[in-house]
Amino acid sequence: MVRVVALSGGYKRADACKRLAANHGMIASFSRALAEDLRHSMSDAVFEGTLAKSIDEIYLASTVKV
189 MVRVVALSGG
199 YKRADACKRL
209 AANHGMIASF
219 SRALAEDLRH
229 SMSDAVFEGT
239 LAKSIDEIYL
249 ASTVKV
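FYI, in the working numbering the residues of the sequence shown are 189 to 254.
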């Protein structure tokens, strides 16, 4: 099995995930898009929740194709 790994390409995470979900056989490597909503000033709980949401969005776009 061959998988192609996609970068976010400078798109915002929502747009990059939408494009990824439309491409069968591709998974994501979205480092910039993963961290786009994270801020140093966040509490630990907010930071962890925001990171978890980002991971979930990217995972779904990699595994659930439209």
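Virtual Cβ for every residue (Gly too), placed ideally from N, Cα, C. Predicted model, so just to flag it, every value in this text is computed and none were measured.
Strand pairing of V192, partner residues [DSSP]: Answer is M214, bridged to V192.
Buried versus exposed call for A204 [16 or more other C-beta atoms within 10 Å across all chains shown]: When all chains shown are included, A204 counts as buried.
Where L248 falls, given that 16 or more other Cβ within 10 Å makes a residue buried: Counting Cβ neighbours within 10 Å, L248 comes out exposed, since fewer than 16 surround it.
Neighbourhood of T251 by C-beta distance below 7 Å, restricted to the same chain and skipping five residues each side: Excluding sequence neighbours, T251 sits near nothing in its chain.
Option nearest E245 by Cα separation, candidates N211, L222, L226: Nearest to E245 by alpha-carbon distance, out of N211, L222, L226, is L222.
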